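Asker:
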Amino acid sequence: MTTARTVDGTRAADRTDAPVSEGGVALTAWLASLVHNHDYASLAELRRPRVQREPHFRALWYSPTEAQREVYGQVAFLFAVYHQGRTKPAFGYGSLGEAARRIGGGAGRGPDDPGAARLVDRIVSSRRIPWRHLQHAIARLRSCDQQPPSWAGLVDDLNRWHDRRARVPYEWGVAFHMPPARAAADRAGALSLPTSAVSLPKDPTT
């Protein structure tokens, strides 16, 4: 694991929600600078992914490989969607599953909000990266005036979407549906088991 610095200066290894990729950290820092500098024109361009201009290609520069370019471009789009009309950047924290627990209102948040629960279920059950549902989740966080997920962490999670060992959709589901203390205890218990005792869910495509 690298010790990449996050946008707030802490080491990635010191934070449970921090990314480990330099590219995700650099992308987030650049996107935040657009908000800091009130570069609303570039942010508006990023919200138009079908019209690819300089800001879009600039986001792709941070991708370490060609295969990851789509993720970098789409996360830049989601960042711009969340920050429409905002004057200060929100770096976010936690995974998408943790962030979705913040969706809702007076009647309840997270699992207690039927719309949020349905949305997360659609996201975590998708074989492909569910970009449309992710956009909906980010838009709901924005409308609820709640913090987004860690943008740099989102980059890393989406780049590992098809990694069966990372089990990103499963981890998002656990983070959303389980109380944080219970989820942490379950993870600690799993880590204490011998490798042979930990079974991974079968991929439905195999």
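Mapping to the numbering used here: the sequence shown position 151 is 153, numbers consecutive. Just so it is clear, CB atoms sit at the ideal spot from N, CA and C, and this is done for glycine as well. Predicted, not measured: the structure shown is a model, and the values here were computed from it.
Which residues in the same chain have their Cβ closer than 7 Å to the Cβ of Pro-113, if we skip the five residues on either side of it in sequence?
Answerer: Residue mapping note: residue 113 aligns to position 111 of the sequence shown, counting from 1. Contacts found: Ala-119, Phe-178, His-179.
Asker: In terms of residue numbering, what span does the alpha helix (DSSP H) encompassing His-164 cover?
Answerer: Locating residue 164 in the sequence shown gives position 162, where the first residue counts as 1. Unbroken run through His-164: none, as it is neither H nor E.
Asker: Under the three-state reduction of DSSP, which class applies to Gly-75: helix, strand or coil?
Answerer: Indexing the sequence shown from 1 puts residue 75 at position 73. Helix at Gly-75.
Asker: Is Leu-169 helix, strand or coil by DSSP?
Answerer: Taking the first residue of the sequence shown as position 1, residue 169 is located at position 167. Note that residue 169 is Arg in the sequence shown here, rather than Leu. Note: Arg-169 maps to coil in three-state DSSP.
Asker: What is the DSSP secondary structure of Arg-111, counted as helix, strand or coil?
Answerer: One-based indexing of the sequence shown puts residue 111 at position 109. Strand, per DSSP.
Asker: Helix, strand or coil for Gly-106 per DSSP?
Answerer: Indexing the sequence shown from 1 puts residue 106 at position 104. In this structure, Gly-106 counts as strand in the three-state DSSP scheme.
Asker: By alpha-carbon positions, which one of Lys-90, Gly-175, Leu-156 ends up nearest to His-40?
Answerer: Position 38 of the sequence shown, counted from the first residue, corresponds to residue 40. Out of Lys-90, Gly-175, Leu-156, Lys-90 has the C-alpha closest to the C-alpha of His-40.
Asker: Check whether the Cβ atoms of Leu-98 and Asp-159 sit closer than 9 Å, and answer yes or no.
Answerer: The residue you call residue 98 lines up with position 96 of the sequence shown. The residue you call residue 159 lines up with position 157 of the sequence shown. The answer is yes: Cβ separation under 9 Å.
Asker: Do Gln-148 and Arg-104 have their C-beta atoms within less than 9 Å of each other?
Answerer: The sequence position of residue 148 within the sequence shown is 146, counting from 1. The sequence position of residue 104 within the sequence shown is 102, counting from 1. Closer than 9 Å, so yes.
Asker: Measure the Cβ-Cβ separation of Ala-82 and Arg-49 and say whether it is below 9 Å.
Answerer: Mapped onto the sequence shown, residue 82 falls at position 80. Mapped onto the sequence shown, residue 49 falls at position 47. The answer is yes: Cβ separation under 9 Å.
Asker: Taking the alpha carbon of Val-27 as the reference point, which residue from Ala-154, Glu-173, Asn-161 has its own alpha carbon closest?
Answerer: Walking along the sequence shown from the start, residue 27 turns up at place 25. Taking only the C-alpha atoms, the option nearest Val-27 is Ala-154.
Asker: Check Val-9 in the structure and name its three-state DSSP category.
Answerer: Residue numbering aside, residue 9 sits at position 7 when the sequence shown is read from its first letter. Unreliable positioning characterises Val-9 in this predicted model, as indicated by a pLDDT of 43, which lies under 50. A coordinate reading is not provided.
Asker: In the structure shown, what three-state DSSP assignment does Phe-93 receive?
Answerer: One-based indexing of the sequence shown puts residue 93 at position 91. Three-state result, Phe-93: coil.
Asker: With the cut-off set at 9 Å, would you say Leu-45 and Gln-86 are in Cβ contact?
Answerer: The sequence position of residue 45 within the sequence shown is 43, counting from 1. The sequence position of residue 86 within the sequence shown is 84, counting from 1. Yes, Cβ-Cβ distance for Leu-45 and Gln-86 is below 9 Å.
Asker: Under the criterion of a Cβ to heavy atom distance below 8 Å, does Gln-86 qualify as lining the ligand PLP?
Answerer: Among the ligands in the structure shown, none appear at all, so the ligand PLP cannot be discussed.
Asker: Where Gly-25 and Phe-79 are concerned, what is the direct C-alpha to C-alpha distance, given to the nearest angstrom?
Answerer: On the sequence shown, residue 25 is found 23 positions in, with the first residue counted as 1. On the sequence shown, residue 79 is found 77 positions in, with the first residue counted as 1. Going from the Cα of Gly-25 to the Cα of Phe-79 covers about 16 Å.
Asker: Between which residues of its own chain and Thr-30 is the CB-CB distance below 7 Å, once the five residues before and five after are set aside?
Answerer: If you number the sequence shown from 1, residue 30 lands on position 28. Taken in chain order, the residues that qualify are Val-9, Phe-93, Trp-153, Ala-154.
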